[in-house]
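Below is one structure, written out as C-alpha coordinates; the observations come after it.
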Amino acid sequence: MDKYCLLLCLLLFSSYSHVSAYYPSKNTLVSSVTKNPILPIFTFTLNTNEEYFIHIAGPYLVRSCNDGLPRPIIPCGSSTCALTRRVSPHQCPPTQNAIINGRCACQATAFEPFQRLCNSNQYTYGDFSMSSLNPRSPSLTFNNVKYLCIPKPFLIDFPPGVLGLAGLSPTALATWNQLTPPRLGLEKKFALCLPSDSNKGAIFFGGGPYKLGNTDARSMLTYTQLIKNPRRLNNYFLTLKGISVNGEKILLAQNAFSFDGKGDGGVTLSTVTPFTTLRSDIYKVFTEAFSKATSDIPRVNSTTPLEFCFKSTEHFQVPQIDMKFADGKIWKVIAANSMKKITDDVACLAFLNGGDAAAQAVVIGMHQMENTLLEFDVGRSAFGFSCSLGLVNASCGDFQTKP
(Lines of atoms letter the chains of each structure in order from A and count residues from 1; the text may use other names and numbers.)
(Lines give C-alpha, C1' and ligand atoms only; values in the text may rest on other atoms or scores of the structure.)
Protein backbone atom coordinates (compact mmCIF):
# COMPACT_ATOMS: atom_id res chain seq x y z
CA MET A 1 0.00 0.00 0.00
CA ASP A 2 1.32 3.47 -0.90
CA LYS A 3 2.24 5.21 2.39
CA TYR A 4 1.73 8.67 0.86
CA CYS A 5 -1.80 7.75 -0.21
CA LEU A 6 -2.64 6.41 3.26
CA LEU A 7 -1.14 9.44 5.00
CA LEU A 8 -2.98 11.89 2.77
CA CYS A 9 -6.33 10.18 3.32
CA LEU A 10 -5.82 10.02 7.07
CA LEU A 11 -4.87 13.71 7.21
CA LEU A 12 -7.91 14.77 5.20
CA PHE A 13 -10.21 12.53 7.21
CA SER A 14 -8.87 13.55 10.63
CA SER A 15 -8.79 17.25 9.75
CA TYR A 16 -12.53 17.23 9.36
CA SER A 17 -13.59 14.41 11.67
CA HIS A 18 -13.88 16.69 14.70
CA VAL A 19 -15.98 19.41 13.10
CA SER A 20 -19.49 19.96 14.38
CA ALA A 21 -22.01 17.40 13.20
CA TYR A 22 -24.36 20.29 12.40
CA TYR A 23 -24.84 21.07 8.74
CA PRO A 24 -27.08 23.75 7.30
CA SER A 25 -30.37 22.34 6.03
CA LYS A 26 -30.16 21.68 2.32
CA ASN A 27 -32.32 19.78 -0.10
CA THR A 28 -29.60 17.37 -1.16
CA LEU A 29 -31.34 14.33 -2.60
CA VAL A 30 -30.11 10.99 -1.35
CA SER A 31 -30.74 7.27 -1.59
CA SER A 32 -28.99 4.16 -0.41
CA VAL A 33 -27.40 2.06 -3.17
CA THR A 34 -27.67 -1.72 -3.36
CA LYS A 35 -25.36 -4.13 -5.17
CA ASN A 36 -27.61 -6.60 -6.91
CA PRO A 37 -26.70 -10.27 -6.37
CA ILE A 38 -28.19 -11.45 -9.69
CA LEU A 39 -26.98 -9.02 -12.35
CA PRO A 40 -23.80 -6.91 -12.02
CA ILE A 41 -25.75 -3.72 -11.35
CA PHE A 42 -26.28 -1.17 -8.61
CA THR A 43 -29.73 0.24 -7.83
CA PHE A 44 -31.21 3.15 -5.89
CA THR A 45 -34.73 4.15 -4.87
CA LEU A 46 -37.25 6.57 -6.37
CA ASN A 47 -40.93 6.93 -5.41
CA THR A 48 -40.33 5.38 -1.98
CA ASN A 49 -40.03 1.76 -3.12
CA GLU A 50 -39.12 1.63 -6.82
CA GLU A 51 -35.62 0.42 -7.60
CA TYR A 52 -33.75 1.86 -10.60
CA PHE A 53 -30.53 0.58 -12.09
CA ILE A 54 -27.70 3.17 -12.11
CA HIS A 55 -26.40 3.71 -15.64
CA ILE A 56 -24.00 6.65 -15.87
CA ALA A 57 -24.01 6.48 -19.67
CA GLY A 58 -27.79 6.25 -20.00
CA PRO A 59 -29.35 9.34 -21.64
CA TYR A 60 -32.65 9.37 -19.74
CA LEU A 61 -34.90 7.78 -17.16
CA VAL A 62 -36.50 4.53 -18.36
CA ARG A 63 -39.46 3.00 -16.55
CA SER A 64 -41.24 -0.30 -17.09
CA CYS A 65 -44.93 0.30 -17.75
CA ASN A 66 -47.07 -2.45 -19.25
CA ASP A 67 -50.40 -1.54 -17.66
CA GLY A 68 -51.89 -0.24 -20.91
CA LEU A 69 -52.93 3.07 -19.34
CA PRO A 70 -52.77 6.24 -21.46
CA ARG A 71 -49.94 8.62 -20.63
CA PRO A 72 -49.33 12.30 -21.39
CA ILE A 73 -48.09 12.96 -24.92
CA ILE A 74 -44.93 14.92 -25.65
CA PRO A 75 -45.41 16.40 -29.15
CA CYS A 76 -43.14 15.22 -31.94
CA GLY A 77 -42.19 18.78 -32.82
CA SER A 78 -41.25 19.79 -29.27
CA SER A 79 -37.76 20.75 -28.14
CA THR A 80 -37.87 17.84 -25.69
CA CYS A 81 -38.45 15.34 -28.49
CA ALA A 82 -35.59 16.90 -30.44
CA LEU A 83 -33.31 16.36 -27.42
CA THR A 84 -34.12 12.64 -27.36
CA ARG A 85 -32.80 12.38 -30.92
CA ARG A 86 -29.50 14.04 -30.00
CA VAL A 87 -28.80 11.53 -27.24
CA SER A 88 -30.39 8.40 -28.69
CA PRO A 89 -28.06 5.40 -28.06
CA HIS A 90 -25.58 5.08 -30.91
CA GLN A 91 -26.01 1.29 -30.86
CA CYS A 92 -29.63 1.62 -32.01
CA PRO A 93 -31.36 2.51 -35.30
CA PRO A 94 -33.11 5.89 -35.73
CA THR A 95 -36.31 6.29 -33.72
CA GLN A 96 -39.68 6.62 -35.47
CA ASN A 97 -42.49 8.60 -33.84
CA ALA A 98 -46.04 7.23 -33.47
CA ILE A 99 -49.61 8.49 -33.75
CA ILE A 100 -51.62 8.21 -30.53
CA ASN A 101 -55.27 9.31 -30.58
CA GLY A 102 -54.66 11.30 -33.73
CA ARG A 103 -51.64 13.16 -32.34
CA CYS A 104 -47.98 12.72 -33.19
CA ALA A 105 -46.44 11.41 -29.97
CA CYS A 106 -42.70 11.52 -29.31
CA GLN A 107 -41.02 8.14 -29.16
CA ALA A 108 -37.53 7.49 -27.79
CA THR A 109 -35.16 4.52 -27.78
CA ALA A 110 -33.43 2.72 -24.94
CA PHE A 111 -30.48 0.34 -25.16
CA GLU A 112 -30.45 -2.52 -22.67
CA PRO A 113 -26.72 -3.22 -22.18
CA PHE A 114 -26.91 -6.82 -20.96
CA GLN A 115 -29.03 -8.37 -23.69
CA ARG A 116 -27.81 -5.60 -26.03
CA LEU A 117 -31.34 -4.88 -27.20
CA CYS A 118 -32.90 -1.67 -28.52
CA ASN A 119 -36.52 -0.80 -27.86
CA SER A 120 -38.54 2.29 -28.76
CA ASN A 121 -41.70 3.47 -27.07
CA GLN A 122 -43.52 6.54 -25.83
CA TYR A 123 -41.53 9.33 -24.22
CA THR A 124 -43.80 10.86 -21.61
CA TYR A 125 -43.75 12.58 -18.21
CA GLY A 126 -45.01 12.10 -14.67
CA ASP A 127 -44.27 12.69 -10.98
CA PHE A 128 -41.23 11.22 -9.22
CA SER A 129 -40.06 11.60 -5.63
CA MET A 130 -36.75 11.08 -3.86
CA SER A 131 -35.56 11.33 -0.27
CA SER A 132 -33.82 14.48 0.94
CA LEU A 133 -31.30 15.22 3.70
CA ASN A 134 -33.35 18.25 4.74
CA PRO A 135 -35.23 17.25 7.92
CA ARG A 136 -37.95 19.78 7.06
CA SER A 137 -38.50 18.14 3.66
CA PRO A 138 -37.47 14.48 4.01
CA SER A 139 -38.95 13.70 0.59
CA LEU A 140 -39.27 15.93 -2.47
CA THR A 141 -41.69 15.35 -5.34
CA PHE A 142 -40.91 16.56 -8.84
CA ASN A 143 -43.63 17.13 -11.42
CA ASN A 144 -43.40 16.61 -15.16
CA VAL A 145 -40.27 14.45 -15.03
CA LYS A 146 -39.67 13.09 -18.52
CA TYR A 147 -39.13 9.37 -18.90
CA LEU A 148 -39.24 6.60 -21.48
CA CYS A 149 -42.12 4.17 -20.95
CA ILE A 150 -40.91 0.69 -21.92
CA PRO A 151 -42.94 -2.56 -21.93
CA LYS A 152 -41.84 -5.04 -19.31
CA PRO A 153 -40.47 -7.66 -21.77
CA PHE A 154 -37.66 -5.24 -22.62
CA LEU A 155 -36.51 -5.47 -19.00
CA ILE A 156 -37.20 -9.19 -18.67
CA ASP A 157 -33.69 -10.04 -17.46
CA PHE A 158 -33.75 -7.38 -14.77
CA PRO A 159 -33.96 -8.82 -11.24
CA PRO A 160 -37.32 -8.74 -9.40
CA GLY A 161 -38.05 -5.32 -7.96
CA VAL A 162 -35.94 -3.39 -10.47
CA LEU A 163 -38.46 -1.26 -12.30
CA GLY A 164 -36.22 0.63 -14.70
CA LEU A 165 -33.02 2.37 -15.57
CA ALA A 166 -31.85 5.77 -14.29
CA GLY A 167 -29.69 7.35 -16.95
CA LEU A 168 -27.09 9.68 -15.42
CA SER A 169 -25.27 10.84 -18.55
CA PRO A 170 -24.08 14.47 -18.98
CA THR A 171 -27.21 15.42 -20.92
CA ALA A 172 -30.29 17.59 -20.37
CA LEU A 173 -32.76 14.70 -20.01
CA ALA A 174 -30.63 12.69 -17.57
CA THR A 175 -32.26 11.73 -14.26
CA TRP A 176 -29.90 13.78 -12.09
CA ASN A 177 -30.44 16.89 -14.24
CA GLN A 178 -34.22 16.71 -14.05
CA LEU A 179 -34.14 16.27 -10.25
CA THR A 180 -31.80 19.20 -9.47
CA PRO A 181 -33.75 22.40 -10.20
CA PRO A 182 -31.77 25.52 -9.14
CA ARG A 183 -34.89 26.96 -7.44
CA LEU A 184 -34.36 24.39 -4.68
CA GLY A 185 -30.73 25.41 -4.21
CA LEU A 186 -29.48 22.23 -5.87
CA GLU A 187 -26.28 22.17 -7.90
CA LYS A 188 -25.82 20.47 -11.27
CA LYS A 189 -23.88 17.51 -9.93
CA PHE A 190 -24.31 14.06 -8.46
CA ALA A 191 -22.10 11.78 -6.39
CA LEU A 192 -22.11 8.07 -5.78
CA CYS A 193 -20.37 5.50 -3.66
CA LEU A 194 -20.75 1.94 -4.93
CA PRO A 195 -20.58 -0.71 -2.19
CA SER A 196 -18.07 -3.51 -2.54
CA ASP A 197 -20.23 -6.09 -0.77
CA SER A 198 -23.75 -6.64 0.51
CA ASN A 199 -23.62 -3.44 2.56
CA LYS A 200 -25.39 -0.35 1.27
CA GLY A 201 -23.79 2.48 -0.69
CA ALA A 202 -25.09 5.98 -1.37
CA ILE A 203 -26.04 8.32 -4.20
CA PHE A 204 -26.54 12.09 -3.91
CA PHE A 205 -28.13 14.54 -6.34
CA GLY A 206 -27.59 18.30 -6.13
CA GLY A 207 -24.33 18.61 -4.18
CA GLY A 208 -23.21 17.94 -0.63
CA PRO A 209 -22.77 17.68 2.20
CA TYR A 210 -21.84 14.01 1.94
CA LYS A 211 -21.98 13.05 5.59
CA LEU A 212 -19.52 10.30 6.50
CA GLY A 213 -19.80 10.14 10.27
CA ASN A 214 -18.93 13.65 11.45
CA THR A 215 -17.04 14.33 8.24
CA ASP A 216 -18.18 16.11 5.11
CA ALA A 217 -16.52 13.78 2.63
CA ARG A 218 -16.23 16.57 0.06
CA SER A 219 -13.00 17.36 1.88
CA MET A 220 -11.59 14.03 0.67
CA LEU A 221 -12.15 14.67 -3.04
CA THR A 222 -9.42 15.34 -5.60
CA TYR A 223 -10.69 16.94 -8.79
CA THR A 224 -9.71 16.50 -12.41
CA GLN A 225 -11.33 17.59 -15.67
CA LEU A 226 -14.33 16.02 -17.38
CA ILE A 227 -14.16 16.37 -21.16
CA LYS A 228 -16.72 15.88 -23.93
CA ASN A 229 -16.63 13.71 -27.00
CA PRO A 230 -19.02 15.10 -29.66
CA ARG A 231 -19.44 11.56 -31.05
CA ARG A 232 -20.33 10.05 -27.66
CA LEU A 233 -22.51 12.61 -25.87
CA ASN A 234 -23.78 10.12 -23.29
CA ASN A 235 -20.37 9.28 -21.80
CA TYR A 236 -18.14 10.98 -19.26
CA PHE A 237 -14.52 11.16 -20.44
CA LEU A 238 -11.32 11.79 -18.47
CA THR A 239 -7.94 13.18 -19.52
CA LEU A 240 -5.85 10.13 -18.61
CA LYS A 241 -2.21 10.55 -19.64
CA GLY A 242 -0.43 7.61 -18.09
CA ILE A 243 -0.62 4.44 -16.00
CA SER A 244 2.02 3.37 -13.49
CA VAL A 245 2.57 0.01 -11.82
CA ASN A 246 4.54 -0.03 -8.59
CA GLY A 247 5.58 3.58 -9.25
CA GLU A 248 6.93 2.92 -12.75
CA LYS A 249 5.12 4.42 -15.73
CA ILE A 250 4.32 1.90 -18.43
CA LEU A 251 5.55 2.79 -21.92
CA LEU A 252 2.70 3.48 -24.34
CA ALA A 253 2.25 5.37 -27.58
CA GLN A 254 1.88 9.12 -27.00
CA ASN A 255 -1.70 9.09 -28.32
CA ALA A 256 -2.75 5.83 -26.64
CA PHE A 257 -5.62 7.50 -24.74
CA SER A 258 -6.65 10.02 -27.42
CA PHE A 259 -9.82 10.11 -29.54
CA ASP A 260 -9.52 9.18 -33.18
CA GLY A 261 -11.30 10.89 -36.07
CA LYS A 262 -14.42 8.74 -35.57
CA GLY A 263 -14.74 9.60 -31.89
CA ASP A 264 -13.44 6.22 -30.73
CA GLY A 265 -10.77 5.95 -28.08
CA GLY A 266 -10.58 8.06 -24.95
CA VAL A 267 -11.07 7.09 -21.32
CA THR A 268 -14.55 6.74 -19.86
CA LEU A 269 -16.35 5.25 -16.84
CA SER A 270 -19.08 2.62 -16.79
CA THR A 271 -21.58 1.13 -14.36
CA VAL A 272 -22.33 -1.76 -16.72
CA THR A 273 -18.72 -2.93 -17.11
CA PRO A 274 -17.71 -5.09 -14.12
CA PHE A 275 -13.93 -4.64 -14.49
CA THR A 276 -11.76 -1.97 -16.07
CA THR A 277 -11.24 -2.86 -19.73
CA LEU A 278 -8.16 -1.84 -21.70
CA ARG A 279 -7.65 -1.88 -25.45
CA SER A 280 -5.25 -4.67 -26.42
CA ASP A 281 -2.16 -2.49 -26.96
CA ILE A 282 -2.56 -0.96 -23.50
CA TYR A 283 -3.55 -4.22 -21.81
CA LYS A 284 -0.47 -6.05 -23.14
CA VAL A 285 2.02 -3.50 -21.78
CA PHE A 286 0.09 -3.07 -18.53
CA THR A 287 -0.07 -6.79 -17.74
CA GLU A 288 3.59 -7.28 -18.63
CA ALA A 289 4.49 -4.61 -16.09
CA PHE A 290 2.17 -6.12 -13.48
CA SER A 291 3.56 -9.61 -14.07
CA LYS A 292 7.10 -8.31 -13.63
CA ALA A 293 6.17 -6.53 -10.40
CA THR A 294 4.53 -9.69 -9.02
CA SER A 295 7.09 -12.23 -10.19
CA ASP A 296 7.61 -13.43 -6.62
CA ILE A 297 3.91 -14.34 -6.17
CA PRO A 298 2.89 -17.86 -7.29
CA ARG A 299 0.53 -17.87 -10.28
CA VAL A 300 -2.51 -20.14 -10.54
CA ASN A 301 -4.88 -20.99 -13.38
CA SER A 302 -6.94 -18.14 -14.80
CA THR A 303 -10.61 -17.72 -13.89
CA THR A 304 -12.90 -16.53 -16.70
CA PRO A 305 -12.96 -13.70 -17.60
CA LEU A 306 -9.87 -12.75 -15.56
CA GLU A 307 -6.52 -13.82 -16.97
CA PHE A 308 -3.87 -13.17 -14.31
CA CYS A 309 -4.57 -15.02 -11.08
CA PHE A 310 -2.37 -15.51 -8.05
CA LYS A 311 -2.14 -17.60 -4.94
CA SER A 312 -3.19 -15.26 -2.14
CA THR A 313 -1.96 -15.64 1.41
CA GLU A 314 -2.55 -13.82 4.68
CA HIS A 315 0.18 -11.29 3.85
CA PHE A 316 -0.63 -11.11 0.14
CA GLN A 317 0.55 -7.78 -1.34
CA VAL A 318 0.39 -6.52 -4.91
CA PRO A 319 1.76 -3.31 -6.43
CA GLN A 320 -0.33 -0.16 -6.48
CA ILE A 321 -1.66 1.03 -9.82
CA ASP A 322 -1.73 4.78 -10.49
CA MET A 323 -3.80 6.52 -13.14
CA LYS A 324 -2.30 9.94 -13.85
CA PHE A 325 -4.37 12.67 -15.50
CA ALA A 326 -3.29 15.57 -17.70
CA ASP A 327 -3.41 18.03 -14.79
CA GLY A 328 -1.08 15.84 -12.71
CA LYS A 329 -3.78 14.46 -10.41
CA ILE A 330 -3.44 10.76 -9.61
CA TRP A 331 -6.14 8.18 -8.92
CA LYS A 332 -4.43 5.53 -6.80
CA VAL A 333 -5.88 2.05 -7.22
CA ILE A 334 -5.04 -0.12 -4.21
CA ALA A 335 -5.30 -3.91 -3.99
CA ALA A 336 -8.94 -3.88 -2.87
CA ASN A 337 -9.87 -2.35 -6.24
CA SER A 338 -7.20 -3.86 -8.49
CA MET A 339 -7.69 -7.48 -7.40
CA LYS A 340 -10.82 -9.65 -7.33
CA LYS A 341 -10.91 -12.29 -4.62
CA ILE A 342 -12.11 -15.56 -6.15
CA THR A 343 -11.60 -17.95 -3.22
CA ASP A 344 -9.83 -17.75 0.13
CA ASP A 345 -6.52 -18.53 -1.57
CA VAL A 346 -6.98 -17.14 -5.12
CA ALA A 347 -7.14 -13.53 -6.27
CA CYS A 348 -7.09 -12.24 -9.86
CA LEU A 349 -6.07 -8.98 -11.49
CA ALA A 350 -9.43 -7.26 -12.12
CA PHE A 351 -8.64 -5.82 -15.57
CA LEU A 352 -9.80 -7.16 -18.92
CA ASN A 353 -8.48 -7.20 -22.48
CA GLY A 354 -11.00 -5.27 -24.61
CA GLY A 355 -9.46 -6.37 -27.91
CA ASP A 356 -7.85 -4.47 -30.77
CA ALA A 357 -11.11 -2.87 -31.88
CA ALA A 358 -12.29 -1.66 -28.47
CA ALA A 359 -14.49 1.43 -28.83
CA GLN A 360 -12.64 3.16 -25.98
CA ALA A 361 -9.00 2.98 -24.98
CA VAL A 362 -9.95 2.50 -21.32
CA VAL A 363 -13.32 1.87 -19.67
CA ILE A 364 -13.02 2.23 -15.90
CA GLY A 365 -15.29 -0.47 -14.50
CA MET A 366 -17.38 -0.89 -11.38
CA HIS A 367 -14.85 -2.90 -9.37
CA GLN A 368 -12.33 -0.07 -9.58
CA MET A 369 -14.99 2.45 -8.47
CA GLU A 370 -16.25 0.51 -5.47
CA ASN A 371 -15.85 1.88 -1.94
CA THR A 372 -14.73 5.23 -3.36
CA LEU A 373 -16.69 8.49 -3.35
CA LEU A 374 -17.04 9.83 -6.90
CA GLU A 375 -18.54 13.21 -7.75
CA PHE A 376 -19.66 14.19 -11.26
CA ASP A 377 -19.76 17.99 -11.14
CA VAL A 378 -21.25 18.49 -14.58
CA GLY A 379 -21.78 22.21 -14.04
CA ARG A 380 -18.03 22.74 -13.64
CA SER A 381 -16.93 19.88 -15.94
CA ALA A 382 -15.06 18.37 -12.99
CA PHE A 383 -14.72 14.82 -11.69
CA GLY A 384 -13.94 14.30 -8.02
CA PHE A 385 -12.59 11.09 -6.54
CA SER A 386 -11.58 10.10 -3.02
CA CYS A 387 -9.06 7.54 -1.90
CA SER A 388 -10.44 4.10 -1.11
CA LEU A 389 -12.57 4.56 2.00
CA GLY A 390 -11.05 1.39 3.45
CA LEU A 391 -7.87 3.38 4.06
CA VAL A 392 -9.72 5.42 6.70
CA ASN A 393 -11.60 2.42 8.12
CA ALA A 394 -14.83 3.53 6.46
CA SER A 395 -17.08 2.21 3.71
CA CYS A 396 -19.86 3.41 1.43
CA GLY A 397 -22.34 2.08 3.97
CA ASP A 398 -21.22 4.72 6.47
CA PHE A 399 -22.74 7.64 4.52
CA GLN A 400 -25.81 9.25 6.04
CA THR A 401 -28.81 8.62 3.80
CA LYS A 402 -31.54 9.86 6.15
CA PRO A 403 -32.18 13.38 7.58
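Here the sequence shown is numbered in our numbering, starting from 26 and rising by one per residue. Here a beta-carbon is modelled for each residue, glycine too, at the ideal position from N, C-alpha and C.
Within the same chain, show all residues whose beta-carbon is closer than 6 Å to that of Lys177, passing over the 5 residues directly before and after it, in chain order.
The residues are Ser89, Asn91.
Does the separation of the CB atoms of Lys213 and Val403 fall below 9 Å?
Yes; because the gap between Cβ atoms is below 9 Å, this pair is in contact.
Might you give, ordered along the chain, the residues of its own chain that have their beta carbon closer than 6 Å to the beta carbon of Ala199, omitting 5 neighbours on each side?
Cβ within range, chain order: Gly192, Leu193.
Output yes or no for whether 9 Å exceeds the beta carbon distance between Ala11 and Leu303.
Examination of residue 11 is not possible in this model, given that the chain is present from 26 through 428 alone.
Could you tell me the alpha carbon to alpha carbon distance between Phe67 and Leu331, rounded to whole angstroms?
Approximately 21 Å between the Cα atoms of the pair.
Per DSSP, Gln393 forms a beta bridge with which residues?
Per DSSP, none; premise fails for Gln393.
Note down, in chain order, each residue of its chain lying with its Cβ closer than 6 Å to the Cβ of Pro49, except the 5 sequence neighbours on either side.
Low per-residue confidence applies at Pro49: pLDDT is 43, beneath 50, and the placement is therefore not dependable enough to give any value.
So, Val297 versus Pro65, is the Cβ gap smaller than 9 Å?
The answer is yes: Cβ separation under 9 Å.
Quick check for students: name the residue ranges of the alpha helix (DSSP H) that lie wholly in the region 344-384, counting only runs of 4 or more.
You should have 360-363.
Would you call the region 341-351 in contact with the region 260-274, where contact means no fewer than 3 C-beta pairs closer than 8 Å?
Yes: the two stretches touch, three or more of their Cβ pairs being nearer than 8 Å.
Are Ala216 and Leu399 close, meaning C-beta to C-beta below 9 Å?
Cβ atoms of Ala216 and Leu399: closer than 9 Å.
To which residues of the same chain is Leu258 closer than 7 Å at the C-beta, ignoring the five residues directly before and after it?
Excluding residues within five positions, the ones whose Cβ falls inside 7 Å are Arg111, Val112, Thr196.
So, at 8 Å on beta carbons, what are the nonlocal neighbours of Leu142 in its own chain, with the 5 sequence-adjacent residues on each side left out?
Closer than 8 Å at Cβ, skipping near neighbours: Phe136, Phe179.
Can you tell me whether Lys225 is buried or exposed? The criterion is at least 16 other CB atoms within 10 Å of its CB, across all chains shown.
By the 10 Å Cβ count, Lys225 comes out buried.
Could you please give the first and the last residue of the uninterrupted alpha helix (DSSP H) stretch that includes Cys334?
No alpha helix (DSSP H) holds Cys334; the beta strand (DSSP E) holding it covers 334-336.
How would you call Asn169, buried or exposed, if buried means at least 16 neighbouring beta carbons within 10 angstroms?
Result: exposed.
Let's test the definition: count the other Cβ atoms within 10 Å of the Cβ of Ser420 and tell me whether it reaches 16, buried, or not, exposed.
Under this definition Ser420 is a buried residue.
Which one of Asn271, Pro95, Arg256 has the shortest CA to CA distance from Lys287?
It is Arg256.
If we count the other Cβ atoms within 10 Å of its Cβ and call it buried at 16 or more, is Leu276 buried or exposed?
Classification of Leu276: exposed, given that the 10 Å Cβ count is below 16.
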